[in-house]
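Chains as they are written, first to last, in numbering that gives the first Met the number 0: chain A, 0 to 339; chain B, 0 to 339; chain C, 0 to 339; chain D, 0 to 339; chain E, 0 to 339; chain F, 0 to 339. For glycine and all other residues, C-beta sits at the position ideal for the given N, C-alpha and C. All remarks here apply to the structure that follows.
6 protein chains.
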Amino acid sequence: MKTVVTFGELMLRLAPEGYLRFVQADRLQATFGGGEANVAVSLANFGLNARFVTCLPAHEIGQAAVNSLRRYGVDTSYIARTGERVGIYYLEKGASQRPSKVIYDRAYSAIAQVGPDDLDWDAAFAGADWFHFTGITPALGDNVAAACLTACRKAKEKGLTVSCDLNFRKKLWTSEKAGQVMGQLMPYVDVCIANEEDAEKVFGIRADNTDVTGGKLDRAGYEQVARKLTERFGFHTVAITLRTSLSASDNQWAAMLYENGAAHFSKSYNVHIVDRVGGGDSFGAGLIYAKLAGYDPQAALEFAVAASCLKHAVEGDYNMMSVAEVQALAGGDGSGRVQR
Amino acid sequence: MKTVVTFGELMLRLAPEGYLRFVQADRLQATFGGGEANVAVSLANFGLNARFVTCLPAHEIGQAAVNSLRRYGVDTSYIARTGERVGIYYLEKGASQRPSKVIYDRAYSAIAQVGPDDLDWDAAFAGADWFHFTGITPALGDNVAAACLTACRKAKEKGLTVSCDLNFRKKLWTSEKAGQVMGQLMPYVDVCIANEEDAEKVFGIRADNTDVTGGKLDRAGYEQVARKLTERFGFHTVAITLRTSLSASDNQWAAMLYENGAAHFSKSYNVHIVDRVGGGDSFGAGLIYAKLAGYDPQAALEFAVAASCLKHAVEGDYNMMSVAEVQALAGGDGSGRVQR
Amino acid sequence: MKTVVTFGELMLRLAPEGYLRFVQADRLQATFGGGEANVAVSLANFGLNARFVTCLPAHEIGQAAVNSLRRYGVDTSYIARTGERVGIYYLEKGASQRPSKVIYDRAYSAIAQVGPDDLDWDAAFAGADWFHFTGITPALGDNVAAACLTACRKAKEKGLTVSCDLNFRKKLWTSEKAGQVMGQLMPYVDVCIANEEDAEKVFGIRADNTDVTGGKLDRAGYEQVARKLTERFGFHTVAITLRTSLSASDNQWAAMLYENGAAHFSKSYNVHIVDRVGGGDSFGAGLIYAKLAGYDPQAALEFAVAASCLKHAVEGDYNMMSVAEVQALAGGDGSGRVQR
Amino acid sequence: MKTVVTFGELMLRLAPEGYLRFVQADRLQATFGGGEANVAVSLANFGLNARFVTCLPAHEIGQAAVNSLRRYGVDTSYIARTGERVGIYYLEKGASQRPSKVIYDRAYSAIAQVGPDDLDWDAAFAGADWFHFTGITPALGDNVAAACLTACRKAKEKGLTVSCDLNFRKKLWTSEKAGQVMGQLMPYVDVCIANEEDAEKVFGIRADNTDVTGGKLDRAGYEQVARKLTERFGFHTVAITLRTSLSASDNQWAAMLYENGAAHFSKSYNVHIVDRVGGGDSFGAGLIYAKLAGYDPQAALEFAVAASCLKHAVEGDYNMMSVAEVQALAGGDGSGRVQR
Amino acid sequence: MKTVVTFGELMLRLAPEGYLRFVQADRLQATFGGGEANVAVSLANFGLNARFVTCLPAHEIGQAAVNSLRRYGVDTSYIARTGERVGIYYLEKGASQRPSKVIYDRAYSAIAQVGPDDLDWDAAFAGADWFHFTGITPALGDNVAAACLTACRKAKEKGLTVSCDLNFRKKLWTSEKAGQVMGQLMPYVDVCIANEEDAEKVFGIRADNTDVTGGKLDRAGYEQVARKLTERFGFHTVAITLRTSLSASDNQWAAMLYENGAAHFSKSYNVHIVDRVGGGDSFGAGLIYAKLAGYDPQAALEFAVAASCLKHAVEGDYNMMSVAEVQALAGGDGSGRVQR
Amino acid sequence: MKTVVTFGELMLRLAPEGYLRFVQADRLQATFGGGEANVAVSLANFGLNARFVTCLPAHEIGQAAVNSLRRYGVDTSYIARTGERVGIYYLEKGASQRPSKVIYDRAYSAIAQVGPDDLDWDAAFAGADWFHFTGITPALGDNVAAACLTACRKAKEKGLTVSCDLNFRKKLWTSEKAGQVMGQLMPYVDVCIANEEDAEKVFGIRADNTDVTGGKLDRAGYEQVARKLTERFGFHTVAITLRTSLSASDNQWAAMLYENGAAHFSKSYNVHIVDRVGGGDSFGAGLIYAKLAGYDPQAALEFAVAASCLKHAVEGDYNMMSVAEVQALAGGDGSGRVQR
């Protein structure tokens with residue numbers, strides 16, 4: 000069984016029930032999520048050996064975060080139990096023209112205060128095949144960026160494949176800072192994942208003729224972005240997710256994979272959204288799985304897009320889908336007929 | 000008031016709330032359902048005298064099953080209180096490309112262990128006008144098939160109209176076994192109901208040029224299936240429901256009625272799904288009601304399709320719609336405007 | 000800060016959870032709502048000083064009604080604590096072809112038994128800029144219509160702008176009675192709001208060539224209705240909301256504003272409905288806000304339509320949207336992309 | 000199987016969840032209850048044929064009330080579907096020193112507006128053995144009192160045993176009015192049930208040396224009250240429940256039965272309260288059952304007290320206990336050990 | 000109407016439902032609370048004009064905090080909308096021998112980062128009669144202690160009565176630091192409130208012969224503590240609450256009031272606990288109300304103890320009791336009989 | 000870290016919310032439990048390495064069962080994924096005099112159909128220190144008893160300590176059968192755990208002068224039972240839990256430990272019950288932990304009793320307590336004071 004290590008923050012996700020707004024709620028669904036943890040859970044659900052590395056406080060809220068991963072089979076042995084608080088993000092689910100809203104309360108969390116010796120990368124990477132992180136992790140602070148850099152170096156030394164989802168968050172850092180920090184990390188990265196905005200926001204690389212808010216997608220433009228990224232950083236693979244947001248309830252979802260100078264485009268899905276958060280992460284997990292399973296580029300892309308398409312119909316950050324379920328959709332059955 | 004008797008299994012339906020997957024749920028909605036019980040409840044809601052025949056244990060879970068029928072006015076006097084367990088089906092509601100999933104835990108249930116003398120058909124059929132069952136009931140075991148045969152014979156002797164929804168379930172029996180057992184029951188049946196796959200799966204009768212997974216419907220093909228069924232078994236009426244599954248969230252829904260050599264096609268509805276389970280049963284109930292009320296074939300068909308269209312917007316197995324509500328839709332008002 | 004006074008009934012709204020029908024529910028969501036209170040809450044959410052005038056019993060259910068307004072910043076100082084009961088409306092949420100259903104239990108409520116001296120209009124209007132009511136209020140009884148008339152007179156004397164949403168409810172009064180009572184109130188009204196049916200139902204004024212149930216909208220027809228209304232009653236502004244009900248789940252939503260002989264038409268939105276109740280009220284609130292903020296007619300109309308479009312994605316009667324959120328949609332971003 | 004007819008109001012009971020106060024709740028548990036309906040359900044749960052007579056509106060809220068009875072096997076055939084509203088009582092559950100609180104909203108309900116010809120007593124009493132009502136029913140209005148009187152006369156003519164629980168409610172009428180109306184009904188009554196206050200509040204008959212608020216019980220005093228009641232009205236049996244309210248969470252519960260000049264006192268139970276409402280009604284049902292089953296006075300009393308003791312551990316108005324369960328407690332097992 | 004100003008932190012309180020432990024919960028009840036806010040709400044429920052001063056972020060979580068106060072009538076006009084985060088406390092409700100557990104996540108909250116000019120004390124104190132704070136507020140940081148000192152000085156200048164509940168929290172500061180900071184504030188305080196441990200933990204003043212864990216109360220000891228406090232700081236009144244914790248489910252609750260050299264002891268209540276948090280705050284609110292209403296010392300004490308006794312039967316931090324309800328208990332009716 | 004292996008059935012536990020009876024519930028709490036799994040979870044919560052051995056189906060309900068263990072850190076690597084169904088037990092929580100009720104639906108479950116080669120004991124016992132099972136496991140069928148015997152033999156061969164909780168269940172087998180099967184297993188057992196009835200029900204060994212239903216405990220009698228058990232089977236240790244069931248809400252709880260000819264009696268706790276199921280299992284887990292930690296007999300007993308005392312205040316089968324929490328109670332603090 001292949002082993003994948005991911006590194007990042009695991010937050011408590013507090014969300015009003017159904018479509019209530021924050022100010023209407025007197026109960027909050029309390030689950031956990033975060034880009035890299037989401038990838039770990041999805042990979043564990045695919046049957047891989049997934050290890051998640053982070054810092055979490057020793058108290059019961061930290062323990063509940065750990066348990067949310069163990070429940071789905073993620074190996075939590077490499078989590079440092081340090082710090083005082085679990086980062087939080089408040090999520091209000093949107094509908095129709097009303098957008099979803101996220102309020103972050105993640106400053107001063109355990110991982111944001113990680114020290115240079117808190118994490119044991121040698122142990123975490125022992126026998127591992129792949130290391131994954133996203134642009135959110137180094138954005139949490141210079142100390143976390145330093146930990147990221149250490150991890151990348153160690154991973155490379157040990158021969159792991161390294162993937163990174165650019166995942167730019169403007170509330171965490173500026174484009175300038177992101178470009179500088181991420182620029183140092185990219186040389187270690189083999190597989191770069193981005194959405195339609197990230198390349199521009201982080202590295203100033205943009206697709207010509209693309210109007211994101213208008214949802215206009217231009218194949219040639221995306222290919223161009225991937226090529227430029229590859230040229231600048233020497234990536235083996237670049238994957239770009241292509242979301243057309245018709246409303247908070249309905250999106251179109253597809254992706255492009257660029258490898259060895261060739262761009263592959265996936266089928267496009269019309270998704271009726273149950274929970275949109277973690278959609279990108281589930282794409283990343285699908286791609287990592289498919290790569291480790293030796294799929295060819297088009298098949299890997301279709302698997303990753305089908306996985307993330309299905310994530311939009313799953314509550315919570317974590318993608319609770321099996322390989323068989325993803326393959327069924329990638330194989331063409333999107334009819335949603337009852338399985339009985 | 001007309002009296003309809005239905006016979007089958009009533010199961011405990013355990014479903015996670017909302018769109019949670021099985022492995023995410025720590026609470027389950029506990030309702031009851033089963034093809035023939037669903038028909039009985041729908042008919043009681045239409046104001047008919049509906050009797051449901053089954054076996055259920057004497058303990059409180061069995062009592063809760065009985066109560067779920069009494070609550071909506073079904074006559075439960077003919078239920079034998081025997082056996083040890085209430086059959087269960089676990090239901091996970093799908094959305095978008097993620098299909099709904101059913102896990103059966105119905106083996107060894109009270110009805111599956113029915114003995115030859117447990118049910119009193121003379122009492123159940125006293126003064127009754129119609130007997131209805133589905134292909135699920137005889138699939139539960141040879142003893143249950145025998146009870147079905149007894150019921151069909153008795154019903155015919157007493158002059159009741161007999162209807163059967165083929166309802167093939169591949170997890171319960173093979174096509175071969177189904178064809179053999181159902182073949183013995185069909186001679187007693189006046190009104191045969193099927194979905195677009197059943198005729199082929201049970202009797203090997205297929206519509207030419209129909210691609211079910213592709214959702215391609217061909218009117219002539221369905222007419223052909225109905226004609227073949229009629230020719231083989233001497234049915235008075237054949238009704239075929241026509242579902243096009245765009246996704247787990249959106250379906251198209253229509254039906255065909257074949258009678259006296261003529262095929263009638265209903266309007267087609269675009270349904271945004273609240274709960275898809277019981278959709279076929281609600282069609283059957285609508286058809287039985289309309290037939291007993293003396294509707295002409297087209298009107299009967301439109302009533303049945305409208306009833307089942309509305310069922311897709313009702314939670315649970317049972318169709319909670321009145322005659323007036325169904326007539327309003329069949330009469331053309333599908334605008335869903337607030338009634339106030 | 001501008002001050003708006005609204006007058007009407009605040010009811011307890013009892014609704015089954017999710018899409019359960021009344022007869023399936025053993026728990027009811029208990030919120031509060033009513034046309035004019037909805038306007039007051041929406042205006043308070045826009046940052047205006049909103050006063051709501053009504054009668055409510057002194058007991059805890061009356062207090063809970065008051066609290067539901069205070070919570071969102073409405074000034075409840077002018078509510079008379081009289082009477083025995085809080086009016087109730089039971090709401091069953093529809094979906095797809097199944098319409099939403101309202102059962103009123105509002106007779107004998109505190110406001111329906113308002114006496115001539117229960118309300119202190121001089122206090123309520125002190126320093127106020129705008130008075131708003133709907134056709135529901137005078138429909139509650141002759142005593143309430145008298146209170147309405149008193150309020151209109153007082154408001155005019157004090158120089159307030161007066162707006163009225165015709166809001167015809169056939170369960171409360173006949174068209175004949177409505178026409179007579181409303182005819183007496185209209186001379187005090189500056190801004191008249193109506194939906195596509197109200198003008199005909201209340202005053203017999205109809206748009207030529209309009210087939211409401213078919214959802215066919217004719218711009219010229221609506222302009223004609225607005226012109227006739229203006230000619231008969233001397234309104235400064237007439238606004239007509241234009242709803243095309245595709246189903247209980249999906250509507251199209253737009254509006255027309257007629258002022259100074261010119262008709263302005265808004266963008267049209269495809270709304271996927273979370274909660275349709277209060278949609279018209281949120282339009283009224285948007286219009287009042289925009290007028291008080293000095294928007295030009297087209298901008299005012301677009302603000303009001305965007306506000307009410309968003310309301311359809313909010314649970315409960317009250318529109319929980321800020322000015323910034325409404326402006327974002329009116330300004331063109333209806334993509335529903337996550338705000339983070 | 001013995002048949003018992005009860006007559007009264009069935010109300011919608013709206014209660015915040017758990018121990019929330021009214022002003023804290025945004026959801027309400029929606030069940031149904033009312034003194035005589037509670038007796039009917041308890042008797043149906045004991046296996047008797049229980050008919051409940053009342054008026055309820057034809058709409059869905061009225062239907063839900065009917066269904067709540069059918070669910071537990073009560074015969075609802077004799078309910079007149081008339082009127083506009085279902086009476087409501089709001090219930091806030093107390094705890095420790097905080098008392099439970101009831102707010103009635105039952106005026107103008109269907110039964111409160113019963114007309115002289117709405118109810119068919121000949122049908123309701125056909126083949127029946129016992130008629131039961133409480134003092135709440137005639138308190139609803141002179142028309143309801145008249146219906147009560149008609150029922151009592153008819154019941155007596157047909158040879159039914161008649162029981163009445165005095166159940167004085169000061170919010171419904173004065174002691175003076177109660178005494179006058181109840182005084183006319185008592186001559187028809189065979190079995191009179193009262194709590195420790197009713198006899199004084201309705202008929203001015205009091206136990207000497209009894210301090211209710213102090214919870215001081217004096218056996219001789221209660222015997223004296225029963226004797227006076229018997230002497231005045233010629234009752235065959237008088238039963239008085241004896242509650243010592245230590246707090247809203249803990250009560251002591253016992254009763255006395257007076258028959259043929261002899262007073263019998265039951266065991267006393269220390270009850271830890273789940274839901275106290277309907278405690279008296281469950282005693283009445285227990286007594287009726289035991290009388291119809293031919294129990295001797297002490298056994299009948301112990302059965303009735305055990306039944307009502309158990310009711311305090313059941314949510315809702317209805318007592319959901321079987322004869323076997325009551326007998327187990329009456330027989331001495333109050334240890335509450337798990338039954339498995 | 001008297002006006003009381005309180006100053007402190009308002010936190011989001013996240014609690015598992017019922018008796019679930021933190022690691023078992025996937026939903027959290029989201030209410031708000033904090034010592035001084037609790038006092039403000041209780042006073043508003045008593046009908047006083049209560050102003051709460053704090054800092055809260057401008058985002059929706061901050062707004063929900065504000066709304067929780069407005070809902071119950073607290074004047075929130077003096078709250079500064081500053082900072083990034085709302086402080087949180089996680090609460091796990093205990094039962095029997097399992098204690099309740101609190102995990103604080105309040106560092107870096109808006110109020111903890113209050114600046115010297117963020118709060119407008121002149122406005123907040125305009126026309127006010129009383130100022131209240133607790134020892135938690137100055138424990139939040141030196142800047143908050145400075146704000147406290149400013150408030151005390153201003154309050155004294157304007158002639159307000161000042162009360163302080165010592166409320167020592169060992170997770171916020173040491174006894175040494177507390178003694179030093181509180182020592183500077185006490186000269187401004189007229190009414191000092193403490194529990195059985197505070198005086199010792201903050202000022203090293205202890206009751207002789209008191210064994211807190213054993214729950215042994217010694218009247219003379221408490222009087223001695225109060226006298227020492229009075230002598231050191233010149234308080235007008237000292238009140239000490241006396242809790243005997245039998246278990247997490249059952250406590251005894253009483254208090255002592257020391258004034259003009261005389262100690263008054265209240266009745267003692269056996270409380271069966273619904274929610275113990277805020278018990279001390281409700282005592283403070285009761286005392287402030289009673290003092291402002293001119294009660295004599297014994298009556299004031301009994302009112303305060305009855306108020307806080309009832310709080311233990313109310314969910315959430317806020318005491319939702321009216322003056323009439325408190326008076327009923329203080330007046331002797333603790334029987335918890337249903338109010339109907 | 001010590002390693003403990005337990006073997007038994009893990010069932011889906013379906014329980015109405017709060018104190019609802021089965022026939023009132025339309026939602027069920029869905030957790031998992033079973034004697035030996037409960038022990039495993041408790042030990043994992045104590046920080047030991049706990050392995051649970053069973054059979055569970057490969058489908059999602061089986062997976063959810065596995066996940067419920069992984070979540071709390073139990074090693075599920077040795078669970079065979081075989082069979083069709085997850086055993087179920089329905090649990091209705093009692094209160095006051097109403098007892099809790101269990102309905103088993105566990106026949107034909109995966110473990111009940113275990114084959115001779117399904118389980119890999121060599122792997123499960125590798126490096127392990129202790130093996131634990133209860134009398135429920137061999138009661139599931141002769142095949143399961145055979146598996147139990149194999150496990151016991153293997154455990155002994157490998158030098159593990161073996162413990163057994165007699166746990167007689169009369170619904171699973173007769174005393175005669177139990178005595179015969181258990182008699183074969185006892186020779187492998189070192190530590191025997193029983194409640195006050197088990198020894199008599201399984202082996203006919205009874206305490207003289209003990210009246211269980213009356214709750215009368217006689218120290219000498221229990222010592223006698225332990226001595227007889229030891230003499231017959233050569234146990235090293237016998238522990239007997241002593242429950243006095245005052246009601247379903249309140250129990251007294253204590254235990255005796257017999258070792259080396261000496262009987263040790265624990266403190267007795269008055270427990271106010273949150274969830275009584277799993278009380279015995281938590282005692283067993285406490286005892287195993289304490290033994291492995293080298294506690295002396297009295298300390299081990301006190302730890303085990305404190306652990307199980309706390310379990311009564313925890314929802315669900317699993318005991319969610321840490322060693323520190325148990326030690327705090329065993330050390331004397333049962334005051335339940337808030338930990339903050």
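Exercise. Using the rule of at least 16 other Cβ atoms within 10 Å of the residue's Cβ for burial, across every protein chain shown, is residue 230 (chain B) buried or exposed?
Worked result: For the purposes of this step, residue 230 (chain B) is taken as residue 231 along the second sequence, with counting starting at 1. Exposed.
Exercise. Residue 18 (chain C) versus chain A: which residues are under 9 Å apart at the beta carbon?
Worked result: Reading the third sequence from its first residue, position 19 is the one you call residue 18 (chain C). Within chain A, no residue comes near residue 18 (chain C); the closest Cβ sits about 11 Å away, beyond 9 Å.
Problem set entry | Which residues DSSP lists as bridging residue 28 (chain B), in chain order | Residue numbering aside, residue 28 (chain B) sits at position 29 when the second sequence is read from its first letter. For residue 28 (chain B), which the question treats as bridged, DSSP gives the partners B:14 and F:26.
Exercise. Considering residue 152 (chain C), what are the terminal residues of the alpha helix (DSSP H) in which it resides?
Worked result: Numbered from its first residue, the third sequence carries residue 152 (chain C) at position 153. Note, residue 152 (chain C): alpha helix (DSSP H), 141–156.
Exercise. Is it buried or exposed for residue 213 (chain E), if we count other Cβ within 10 angstroms and need 16 for buried?
Worked result: In the fifth sequence, counting from the first residue as 1, residue 213 (chain E) sits at position 214. Residue placement at residue 213 (chain E) is poorly supported in this model, since its pLDDT is 45, which falls under 50; the coordinates still yield a value, given next. Residue 213 (chain E) comes out exposed.
Exercise. Taking buried to mean at least 16 other C-beta atoms within 10 Å of its own C-beta, is residue 352 (chain D) buried or exposed?
Worked result: The first residue shown for chain D is 0 and the last is 339, placing residue 352 (chain D) beyond what the model contains.
Exercise. Would you say residue 268 (chain E) reaches chain D, if we count a Cβ-Cβ gap shorter than 8 Å as a contact?
Worked result: Taking the first residue of the fifth sequence as 1, we reach residue 268 (chain E) at position 269. Yes, because at least one Cβ of chain D sits closer than 8 Å to the Cβ of residue 268 (chain E).
Problem set entry | Enclosing alpha helix (DSSP H) for residue 251 (chain D) [first to last residue] | Stepping through the fourth sequence from its first residue, residue 251 (chain D) is reached at position 252. Residue 251 (chain D) -> not in any alpha helix (DSSP H); beta strand (DSSP E) instead, spanning 249–258.
Problem set entry | Under 7 Å (Cβ pairs) to chain E, residues found in the segment 60–81 of chain C | 66, 69, 70, 71 and 72
Exercise. DSSP state of residue 21 (chain B), grouped into three classes?
Worked result: Counting from 1 along the second sequence, the entry for residue 21 (chain B) is found at position 22. Note: residue 21 (chain B) maps to helix in three-state DSSP.
Exercise. Taking the alpha carbon of residue 340 (chain A) as the point to measure from, which residue in A:247, A:307 and A:51 has its own alpha carbon closest?
Worked result: A query on residue 340 (chain A) cannot be resolved here, the shown segment of chain A reaching from 0 to 339 and no further.
For this session: Would you kindly work out how many angstroms separate the C-alpha atoms of residue 52 (chain C) and residue 3 (chain C), rounded to a whole number?
Result: Sequence index remark: in the third sequence, residue 52 (chain C) carries index 53 (1-based). Sequence index remark: in the third sequence, residue 3 (chain C) carries index 4 (1-based). Rounded to the nearest angstrom, the two C-alpha atoms are 11 Å apart.
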